[in-house]
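> Heads up, the sequence shown is in our numbering, so the first residue is 10 and it goes up one at a time.
After the C-alpha cells below, expect a handful of questions from me.
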Amino acid sequence: MKTQVAIIGAGPSGLLLGRLLELQGIDNIIIETKSPDYVLSRIRAGVLEQGTTKLLREAQVGDRMDREGHVHEGFALSFSGRVERIDLKRYSGGKTVMVYGQTEVTKDLMDARLASGAPSYYEVEQVTLHDADSDHPSVSFLKDGAPHIIACDYIAGCDGFHGVSRKSIPADRIALFERVYPFGWLGVLSRTPPVSHELIYANHARGFALCSMRSDNLSRYYVQCSLDDKVEAWSDERFWDELRARLPEETANLLVTGPSIEKSIAPLRSFVAEPMQYGRLFLVGDAAHIVPPTGAKGLNLAASDVYTLYHVLRKRYREGRLDLIDKYSEICLRRIWKAERFSWWMTSILHKFSDDPFSQRIQEAELAYFTSSEAGRTSIAENYVGLPYEPVE
Ligand code: APR
Ligand code: PHB
Numbered sequence: 010m011k012t013q014v015a016i017i018g019a020g021p022s023g024l025l026l027g028r029l030l031e032l033q034g035i036d037n038i039i040i041e042t043k044s045p046d047y048v049l050s051r052i053r054a055g056v057l058e059q060g061t062t063k064l065l066r067e068a069q070v071g072d073r074m075d076r077e078g079h080v081h082e083g084f085a086l087s088f089s090g091r092v093e094r095i096d097l098k099r100y101s102g103g104k105t106v107m108v109y110g111q112t113e114v115t116k117d118l119m120d121a122r123l124a125s126g127a128p129s130y131y132e133v134e135q136v137t138l139h140d141a142d143s144d145h146p147s148v149s150f151l152k153d154g155a156p157h158i159i160a161c162d163y164i165a166g167c168d169g170f171h172g173v174s175r176k177s178i179p180a181d182r183i184a185l186f187e188r189v190y191p192f193g194w195l196g197v198l199s200r201t202p203p204v205s206h207e208l209i210y211a212n213h214a215r216g217f218a219l220c221s222m223r224s225d226n227l228s229r230y231y232v233q234c235s236l237d238d239k240v241e242a243w244s245d246e247r248f249w250d251e252l253r254a255r256l257p258e259e260t261a262n263l264l265v266t267g268p269s270i271e272k273s274i275a276p277l278r279s280f281v282a283e284p285m286q287y288g289r290l291f292l293v294g295d296a297a298h299i300v301p302p303t304g305a306k307g308l309n310l311a312a313s314d315v316y317t318l319y320h321v322l323r324k325r326y327r328e329g330r331l332d333l334i335d336k337y338s339e340i341c342l343r344r345i346w347k348a349e350r351f352s353w354w355m356t357s358i359l360h361k362f363s364d365d366p367f368s369q370r371i372q373e374a375e376l377a378y379f380t381s382s383e384a385g386r387t388s389i390a391e392n393y394v395g396l397p398y399e400p401v402e
C-alpha cells in the first residue's frame, strides 16, 4: 500500500487529522489495534474549547455537537463550604466552552470516515514503524494474520500514551518529563439529572470532587481516591455518600442519585515528550503528552496538535513549504507547556496531597485569593477556555 500520511491510532487525534487531510485531498490510511466498538466504549472527558469546536466544524463533523452539546459560560469552584462561580465569558473576552462527550466526538469522526470511504484498518497487530528518519518511511502490521506494509511520506503517531510511535524514537533523541500524582479519580456515570447546570470543582479536606455532565439526564461525577483503591470496594451507595460529603451542604442536598452505569478509576499524570517529532514521524495528542484531567485539557491539546500538523502538512502539499515540517514540535510545545502548567496548578490547588492541615489552609487561601481578584479570575478563565492557537506560517 502507498499513501501520503500513515496515521497510527483511531482515537480523536488520528480520526480528526485524517478527516482534515482527506478534505484537502491529502491521502491517508489509519491503522488501529482495537475494534471500533472498543474505541467507542472508552468514557473520557467532555469539555471542548472553542478552538476544538471550530476545528470540528472545519472538519464538517460539528452538526450533532452544535445540536446536542451544551454551551457553558461558567463553572464553579467550591471550597471552605462555599461556592464561587468563574464567569468564563466575562473574564475571557466573550469565550465559552462546549460540553459534549469525547465519545460522541469520536463517533461523529468515525461516522464521517465510514461515509467518505477513506481507508481504515481496525484490529491490526504488530504495528512497526520503519525508516522514520529517512525520506521513505513505512509502517508494517498484521491484519487477520496477513502482513501489510504502508509506504508513505509521513507518519502521524496518534496512538496514545501506550502506543508504539513514541517508543520507536531512539532514547537519545527524545527527552521525557513526568509527574505522577499520588492519587486517582473514581468516576461514575449515572442516568440522573446533573446536580448543577454548570460544572463544580470541589476542594475538600476529605479530597477533591467534580460534578460534571453529558446531558440533561446523564451525569458524570468523580471523587479523588487512593491509588490502591479497587472499583469493587466502591458500592454506588459509598460513592454517593462520599461525593455528598465533599460538596457544600446546599449542593449535596440537591444531588439526585441512581444506579451507576459506568464506574472506573483513572490515575493522574503529567507527561511531555520533547521533541514531538523524529525525522518524518510526528507525535500527536496523548502519544506526546498527558495532563491530569483537572483542567479538561487532554482532548483539547490533542486538537491543537492536530490543528498545527494539519496546517504544516497542508502547506507542505499545497504550497511546497518544506520549511514548516521542522517547526511542528516547537509550535506545539509552547502551547502544551502552558496547558501542562494550568492542569498541574488546578490539580495542586484542588486535591488532598497529605493530611497536613497547613496545606489545606494554603489551598483554601489560594482559591479565596484567585476567586476574589479580577486578575485571578481572568487567569483561571483564559486558561480554562483555552489559550490561543499559534498560527502556522
Ligand atoms: N497501533 C495502532 N493503534 C494504536 C496502537 C498501535 N500500536 N497503540 C494504541 N493505539 C490506539 C489506541 O487503541 C487508541 O484508540 O491509538 C488510539 C489513541 O487514542 P487516545 O488514547 O484516545 O489518544 P488521542 O487520539 O491522542 O486522544 C486524545 O487526550 O487526554 C486525552 O482523553 C483524551 O483520549 C483523549 C486524548
Ligand atoms: C468530565 O465530564 O468527564 C470531565 C469534565 C471536566 C474535567 C474532567 C472531566 O475537568
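Note that beta-carbon positions come from the ideal geometry of N, C-alpha and C, so glycine has one too.
The model shown is predicted, which means the values in this text are computed figures rather than measured ones.
Excluding the 5 residues flanking Asp117 on each side, which residues of the same chain have their C-beta closer than 6 Å to its C-beta?
Answer for Asp117: Val70 and Arg73, listed in chain order.
> Tyr210 and Thr387 - do their beta-carbons sit closer together than 8 Å?
Against a cut-off of 8 Å, the Cβ pair of Tyr210 and Thr387 comes out as no contact.
> In whole angstroms, what separates the C-alpha of Met10 from that of Ala54?
Whole-angstrom Cα-Cα distance: 35 Å.
> Between the region 372-379 and the region 309-329, are three or more C-beta pairs nearer than 8 Å?
Segments in contact, no.
> Could you tell me which of His79, Arg327 and Leu123 sits nearest to Leu24, measuring between CA atoms?
Taking only the C-alpha atoms, the option nearest Leu24 is Leu123.
> Three-state secondary structure (DSSP) at Pro302?
Looking at Pro302 - three-state DSSP - the assignment turns out to be helix.
> Are three or more beta carbon pairs between the region 274-290 and the region 169-188 nearer than 8 Å?
Output reads yes: the region 169-188 touches the region 274-290.
> Under the DSSP definition of a beta bridge, which residues are partnered with Tyr316?
In the DSSP output, where bridge partners are listed per residue, Tyr316 has none listed.
> Hey, is Arg53 close to the ligand APR, as in C-beta under 7 Å from one of its heavy atoms?
For the ligand APR, at least one heavy atom lies less than 7 Å from the Cβ of Arg53.
> Pull the bridge partners of Met119 from the DSSP assignment, please.
BP columns for Met119 are empty, so no partner.
> Could you say which of Thr201, Leu227 and Met222 lies nearest to Ala267 if we only look at CA atoms?
In the sequence as displayed, the identity of residue 267 is Gly instead of Ala. Selected option, being the one with the closest Cα: Thr201.
> May I ask you to list the residues that DSSP assigns as paired with Gln233?
Gln233 pairs with Trp194.
> Looking at Ala160: is its Cβ nearer than 8 Å to the Cβ of Ser147?
Yes, the pair counts as a contact, with Cβ atoms nearer than the cut-off.
> Tell me the DSSP bridge mates of Met222?
Answer is Ser228, bridged to Met222.
> Could you check what DSSP says for Val173 in three-state terms: helix, strand or coil?
Three-state DSSP puts Val173 in coil, outside helix and strand.
> Could you pull out every residue in the same chain whose Cβ sits closer than 8 Å to the Cβ of Ser149, ignoring the five residues on either side in sequence?
Excluding positions up to five away in sequence, the list reads Gln135, Val136, Thr137, His139, Pro156, His157, Ile158 and Ile159.
> If you measure from the CB of Leu208, is any heavy atom of the ligand PHB nearer than 7 Å?
Result yes, Cβ under 7 Å from the ligand PHB.
> So, helix, strand or coil for Gln286, using DSSP?
Looking at Gln286 - three-state DSSP - the assignment turns out to be strand.
> By how many angstroms is the C-alpha of Phe367 removed from the C-alpha of Val114?
Computed Cα separation, rounded: 42 Å.
> CB-CB under 8 Å to Asn226, same chain, minus the five flanking residues each way: which ones, in chain order?
Within the same chain, Asn226 has close Cβ partners Arg200, Thr201 and Pro202.
> Going by the C-beta, is Ser221 closer than 7 Å to any heavy atom of the ligand PHB?
At least one heavy atom of the ligand PHB is nearer than 7 Å to the Cβ of Ser221, so yes.
> Inspect the beta-carbon positions of Ala254 and Arg175 and report whether they are closer than 8 Å.
Going by C-beta atoms, Ala254 is not nearer than 8 Å to Arg175.
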